[in-house]
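Here the structure is laid out as structure tokens; the discussion comes afterwards.
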Amino acid sequence: MPWPKETKYLGKSTPRAEGPAKVSGRAKFTTDVAPAGVLFGAILRSTWAAARIKSIDLTAAQAAPGIKAALLVHNGEYLTRYYGDELAALAGTSRQAVLDALRLIKVDAEPLPFVVKELDAIKPDAAQVFAGRPNQGNNPARDSGRPDDAFAAAAAVVEGSFATQIELHQSMEPHAYAVSFEGDEMTAWASTQGVFAVRDGYARNLGLPQNKVRVICEHMGGGFGAKSSLSIEGELCAKLAQAAGAPVKLVLTRFEESLATGNRPSSFQKLKLAADKDGKLTAFQMDGFGTPGYMASAPNGGGSNGVALPMPYLYRVPNSRVKQSAVAINAGVACAMRAPAHPPAAYGMEGILDDLAVKLALDPVAIRLLNDPSEVRRHELEVGAEKFGWKAKYQKPGSSPGPVKVGIGCASAAWMSGGRGTQAEAQISSDGTVEIRVGTQDLGTGSRTVVQVVAAEMLGIDPALVTARVGDTRYPPSGGSGGSATTASVSPAIFDLCEKAVEELKKTSGLDDPRGANWKAACAKIGATPLAVTGRWRDGLSTGGAGGVQFAEVEVDTETGFVKLRKILAVHDCGTVVNRLTCESQINGGVIMGIGYALYEQRVMDRRSGVLLNPNFETYKLPGIGDIPAIELLLLDMPERGVIGIGEPCTVPTAAAIANAVANALGVRVPSLPITPDKVLAALGQVPDNGDRAAQVRDLEGAFARVAGAERPILLTETPA
Amino acid sequence: MNAFAYVTAQTPESAIELARDDGRFLAGGMDLLGELKESLAAPKTLVNVKALPGTADVQLDGGKCRLGANVTLAKLAAHPELRRVLPGLTEAAAEVGSPQIRHRATVGGNLAQHSRCWYYRHRDVHCRKKGGTLCYARQGESKFHSLFTGCMCLSPAVSNLAIALAALDARVIVQRGRSTDSLTVAQLYASAWNTPSAHNSLQPGELILRIEIPAPAGLRSAYLQLSEKSDFDWALVSCSAAAKVTGQTLTGVRVVLGAVAPIPWQVDAANAFLEGKPLTDETARRAAELMLRDALPAGDNAYKLPIARALVRRTLLQLVA
Ligand SMILES: Cc1cc2nc3c(=O)[nH]c(=O)nc-3n(C[C@H](O)[C@H](O)[C@H](O)COP(=O)(O)OP(=O)(O)OC[C@H]3O[C@@H](n4cnc5c(N)ncnc54)[C@H](O)[C@@H]3O)c2cc1C
Numbered sequence: 001m002p003w004p005k006e007t008k009y010l011g012k013s014t015p016r017a018e019g020p021a022k023v024s025g026r027a028k029f030t031t032d033v034a035p036a037g038v039l040f041g042a043i044l045r046s047t048w049a050a051a052r053i054k055s056i057d058l059t060a061a062q063a064a065p066g067i068k069a070a071l072l073v074h075n076g077e078y079l080t081r082y083y084g085d086e087l088a089a090l091a092g093t094s095r096q097a098v099l100d101a102l103r104l105i106k107v108d109a110e111p112l113p114f115v116v117k118e119l120d121a122i123k124p125d126a127a128q129v130f131a132g133r134p135n136q137g138n139n140p141a142r143d144s145g146r147p148d149d150a151f152a153a154a155a156a157v158v159e160g161s162f163a164t165q166i167e168l169h170q171s172m173e174p175h176a177y178a179v180s181f182e183g184d185e186m187t188a189w190a191s192t193q194g195v196f197a198v199r200d201g202y203a204r205n206l207g208l209p210q211n212k213v214r215v216i217c218e219h220m221g222g223g224f225g226a227k228s229s230l231s232i233e234g235e236l237c238a239k240l241a242q243a244a245g246a247p248v249k250l251v252l253t254r255f256e257e258s259l260a261t262g263n264r265p266s267s268f269q270k271l272k273l274a275a276d277k278d279g280k281l282t283a284f285q286m287d288g289f290g291t292p293g294y295m296a297s298a299p300n301g302g303g304s305n306g307v308a309l310p311m312p313y314l315y316r317v318p319n320s321r322v323k324q325s326a327v328a329i330n331a332g333v334a335c336a337m338r339a340p341a342h343p344p345a346a347y348g349m350e351g352i353l354d355d356l357a358v359k360l361a362l363d364p365v366a367i368r369l370l371n372d373p374s375e376v377r378r379h380e381l382e383v384g385a386e387k388f389g390w391k392a393k394y395q396k397p398g399s400s401p402g403p404v405k406v407g408i409g410c411a412s413a414a415w416m417s418g419g420r421g422t423q424a425e426a427q428i429s430s431d432g433t434v435e436i437r438v439g440t441q442d443l444g445t446g447s448r449t450v451v452q453v454v455a456a457e458m459l460g461i462d463p464a465l466v467t468a469r470v471g472d473t474r475y476p477p478s479g480g481s482g483g484s485a486t487t488a489s490v491s492p493a494i495f496d497l498c499e500k501a502v503e504e505l506k507k508t509s510g511l512d513d514p515r516g517a518n519w520k521a522a523c524a525k526i527g528a529t530p531l532a533v534t535g536r537w538r539d540g541l542s543t544g545g546a547g548g549v550q551f552a553e554v555e556v557d558t559e560t561g562f563v564k565l566r567k568i569l570a571v572h573d574c575g576t577v578v579n580r581l582t583c584e585s586q587i588n589g590g591v592i593m594g595i596g597y598a599l600y601e602q603r604v605m606d607r608r609s610g611v612l613l614n615p616n617f618e619t620y621k622l623p624g625i626g627d628i629p630a631i632e633l634l635l636l637d638m639p640e641r642g643v644i645g646i647g648e649p650c651t652v653p654t655a656a657a658i659a660n661a662v663a664n665a666l667g668v669r670v671p672s673l674p675i676t677p678d679k680v681l682a683a684l685g686q687v688p689d690n691g692d693r694a695a696q697v698r699d700l701e702g703a704f705a706r707v708a709g710a711e712r713p714i715l716l717t718e719t720p721a
Numbered sequence: 001m002n003a004f005a006y007v008t009a010q011t012p013e014s015a016i017e018l019a020r021d022d023g024r025f026l027a028g029g030m031d032l033l034g035e036l037k038e039s040l041a042a043p044k045t046l047v048n049v050k051a052l053p054g055t056a057d058v059q060l061d062g063g064k065c066r067l068g069a070n071v072t073l074a075k076l077a078a079h080p081e082l083r084r085v086l087p088g089l090t091e092a093a094a095e096v097g098s099p100q101i102r103h104r105a106t107v108g109g110n111l112a113q114h115s116r117c118w119y120y121r122h123r124d125v126h127c128r129k130k131g132g133t134l135c136y137a138r139q140g141e142s143k144f145h146s147l148f149t150g151c152m153c154l155s156p157a158v159s160n161l162a163i164a165l166a167a168l169d170a171r172v173i174v175q176r177g178r179s180t181d182s183l184t185v186a187q188l189y190a191s192a193w194n195t196p197s198a199h200n201s202l203q204p205g206e207l208i209l210r211i212e213i214p215a216p217a218g219l220r221s222a223y224l225q226l227s228e229k230s231d232f233d234w235a236l237v238s239c240s241a242a243a244k245v246t247g248q249t250l251t252g253v254r255v256v257l258g259a260v261a262p263i264p265w266q267v268d269a270a271n272a273f274l275e276g277k278p279l280t281d282e283t284a285r286r287a288a289e290l291m292l293r294d295a296l297p298a299g300d301n302a303y304k305l306p307i308a309r310a311l312v313r314r315t316l317l318q319l320v321a
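For the record, the sequence lines run as chains V and P.
Residue numbering for the first sequence is 1 to 721, as defined by the working numbering.
Residue numbering for the second sequence is 1 to 321, as defined by the working numbering.
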């Protein structure tokens, strides 16, 4: 690939362009936007997990002081299917006025039976989320080869059950919109991963011409997949603005974020894996299910809100049988979340693989080297194991002495990544400064700095001469920030733009090479009309297929069940490293998110009331600074592969590696995430059982049996009744 | 949140007078503001008690420590003399929440804080503690709940300071109308044992003035807690112990467990068993068993038993370390 080998900025560390604005508070997020006369919007939500909404009376709320607009989400009678569902919205002159008025809305509702837990929902007598349809969907098994024969002939077979929780995105910045109409022009400020997707959503849902809608996202505090398109609160915000004839801002609270803005679906995986005597995998079987909330549809092959996992993950097993289904419950719906479906897949597959290694008395790294089809990842395993000191540290499971046991584990990740169409435009002025506009957004990954670094490298100038403007649909189009595609989409467009700029500048200045030392002189010839150039993404500068391997070292206190991380080593391949600083920052963030998934985070629903019990950071536990061990990074810098995104693969294997390290420390496996002290102690047989746990195991076994045994596919459709 | 009046009291008497008509005392607000925002409480008046004279002082002399009700947990945790003399107390304070919370939170507010049960704290759950008919935790999510209770409610006492102060045999000086009463920590919490709606024994308008802690020479104290996270997390179980230590022998022993009952959990038989004996791993184990006898785990909290056992042993061993 044409990326330079000798570089000044590419692959080096340039501080984030917007860093000073962010740390000084100057950076404007959506919540800081305050068009003159802006009103505050807020949403009334269902307090029932399931109910027939007969009527909603807005009269009292409308008459309340300061209230300027009120609207219903649906008209007429209808069913609400989860606690937190949007029912109505208000806009008023202060936040307090709106919150007070929300309490005046009268909802006439008939509560209906509901079910909020997967293992309850799959019981034959469970309340049905959609009347007349079983909660548990059912898909035919996907067979390849001859799994039954292969299991029968195998040298070793292991079986295990693995479960993962519902994880919430919990971006630092909640979903936030501000909408203003002037004449027939609409401007929306949105905390979004896709300004163009939001624009198109508005045009479609409000019946506006696309060229009259402008969406701006100057800064945002994370999205992780939950801010990919126009969400209902954004639509309500615009409708309130229309109704009130004034700008409206609607920022969700942490409470609302937890209920209704998406999540990573749960998974229950019964896995069986076989190998020959050398450890070469021969057969795999999975019966699995999980819930994406009330809109359970058929598994869609491992992405977006589907619950199906890409199994047997990154390994090629010649004989396999995979059956997966989705279970509907009365709870908020899943959506894409950082590497959808991959972290749970890695947790299950890398876990059962380690169990198999133990059974065959093989080293976990060795069994991966034997079975991983990716050359890059095998290399990562080798260099990682070396740097981690794997050989010296590895002990037989449960064999470390004393009550505080030490363990190590590793796990791998695969991600498609890849770049796609992005366009950019630049104005180069006679003073040598460059303004580059590209309609991508900065999800937090440092898009501006990527633009600066690539331009500075290609033009041979100081990055300080380059101003990058992003996050506006008035700039040349770029796709949503998803699939770890942003840097791989933007960088080639800037590369292309710089090539064109150099060509143009050669002509204007008459210099052979206007770059570097000649830059100022060349630009001086530009005159009063800035040089305008455009660039677009093209093939051959970015690729996909990122791999990564992570290693974890843990200490487990077998008397209290407490897991303390000692160290994580993350080895990743992202082709050409564009900006090392922000790249490493992505990986640190991904690892930290993986630590949360491994040890702390979990949405908790209440069976009897149907509410979500932990809609706050006090009881929805995110890792804090004290929970983060030393994170070491090893980046394979491979310019020949082009730019590859890193945002998602870096979070995939963390939980799996930690879970394997815990299993190595204890000699037994904790069968679900997060690995909290109660579960560690239970796995060690130290928790007296009053019968509840045995009942849970029976429920789980029953569910797996149903997944395995069901012959006829009963597909759940996503259309609500 | 409802509208309310805000007043700053200058004397305990006026504070009590101002709070008489549906008022609540406001100290650091770390607990009360949460209740207001979730509409769990809607007082007419917030009576700021932070300006009461002398209530932010720490005094340590003559084998006695006096802590004003408005001493912040940050000040307590960082106090060099107290850290030396009463490490059980300062450790308990240091483990509360985050630095931001500790800088606001006060001793009085910590002792008088309300239930942290996630059903109680939920705006849309009307549980037994709020006057409803059900304790949802009983057949629900009881991971953080009590192993012992004298009533329907499973919400545990979670004040770190209450656990440490009970071990230290502290007295809580409370202004009740015109009289000033001296309560043990057990007395301060007794009502919560058998009254589902009670968080502690304080009636509306009863004001904590200060805490008095005996700190005789030779006193040792310790506090340990186990949380799911390393930092900024509630204790799943906490334990505090204090005793006079001569060689390895303990006298005047008190061991207390937190987050296992609606009151700081003290078992006389365990204290009596340890009294006058040299502390060993074995006696510490036996004491733990005595403390946990008759525990009645709910669905999800039996795991607290092994943790409590480990903490009792480790806390006691710290006394003689
Ligand atoms: C996220 C989070 C984590 C926390 N973690 C912990 C923890 O790990 N351990 C722990 O122990 N606590 C924890 N807390 C609770 C917090 O420490 C206590 O709520 C704090 O000490 C309360 O003190 P305050 O001064 O802020 O009380 P306030 O909120 O002002 O008052 C609390 C209650 O006490 C009453 N009150 C205040 N002063 C007096 C007085 N002088 N006399 C009588 N009544 C009075 C108030 O009316 C109110 O009912 C946490 C709180 C939060 C929000």
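Beta carbons: idealized from backbone N, C-alpha and C, even for Gly.
Considering only beta carbons, the part of the stretch 596-615 of chain V lying closer than 8 angstroms to chain P consists of L599, Y600, V604, D606, R607, R608, S609, V611, L613 and N614, in chain order. DSSP places G561(V) in the coil class of the three-state scheme, outside both helix and strand.
T8(P) and L111(P) have their C-alpha atoms spaced approximately 21 angstroms apart. G290(V) and L271(V) have their C-alpha atoms roughly 14 angstroms apart. Within the stretch 218-251 of chain P, contact with chain V at the beta-carbon level (separation under 7 angstroms) is assigned to L226, E228, K229, S230, D231, F232, D233 and L236. Residue side-chain check: N110(P) places its Cβ nearer than 6 angstroms to a non-hydrogen atom of ligand 1. Contacts between G624(V) and chain P, judged by CB atoms closer than 7 angstroms, involve K229, D231 and F232 in chain order. With 16 or more neighbouring CB atoms inside 10 Å of its own CB, Q225(P) falls in the buried class. Distances taken from the Cβ of L26(P) to the heavy atoms of ligand 1 include one shorter than 6 angstroms. At a cut-off of 7 angstroms between beta carbons, L681(V) contacts chain P. Per the C-alpha coordinates, the member of D57(V), M186(V), T654(V) and R368(V) positioned closest to V107(V) is D57(V).
In this structure, T30(V) sits near S191(V), with a CB-CB distance shorter than 7 angstroms. V213(V) and Q242(V) have their C-alpha atoms some 14 angstroms from each other.
If you ignore the 5 residues before and after R377(V), its C-beta comes within less than 7 angstroms of the C-beta of S412, G547 and V549, all in its own chain and listed in chain order. Secondary structure note for K227(V): it is in no beta strand (DSSP E), with a DSSP letter that is neither H nor E. Neighbourhood of K123(V) in chain P, by CB distance below 8 angstroms: empty, with the nearest CB roughly 16 angstroms away. For A493(V), the uninterrupted alpha helix (DSSP H) run begins and ends at T486 to S509, by DSSP. Here K143(P) is buried: its Cβ has 16 or more other Cβ atoms, across all protein chains shown, within 10 Å. V578(V) places its beta carbon less than 7 angstroms from that of T487(V). Contact between the stretch 125-133 of chain P and the stretch 96-110 of chain P is absent, with fewer than three C-beta pairs closer than 8 angstroms. Counting C-beta pairs with one atom in each stretch, the stretch 638-649 of chain V and the stretch 405-419 of chain V have three or more that are closer than 8 angstroms, which means they touch.
Nearest CB-CB separation between K621(V) and chain P: below the 7 angstroms threshold. Nearest CB-CB separation between Q696(V) and chain P: not below the 7 angstroms threshold. Within the stretch 307-367 of chain V, the complete alpha helix (DSSP H) segments at least 4 residues long are 342-359, listed from N- to C-terminus.
Here DSSP, grouped into helix, strand and coil, assigns L459(V) to helix.
With a threshold of 7 angstroms between beta carbons, E141(P) makes contact with chain V. For I595(V), the enclosing alpha helix (DSSP H) starts and ends at R580 to L599.
A Cβ of chain P is located within less than 7 angstroms of the beta carbon of T560(V). Interface residue (Cβ-Cβ distance to chain P less than 7 angstroms): T676(V) is classified as such.
Along the stretch 652-678 of chain V, the positions whose C-beta sits under 7 angstroms from a C-beta of chain P are T676, P677 and D678, read in chain order. Legend: CB atoms of the stretch 113-130 of chain P lying less than 7 angstroms from CB atoms of chain V belong to residues W118, H122, D124 and V125.
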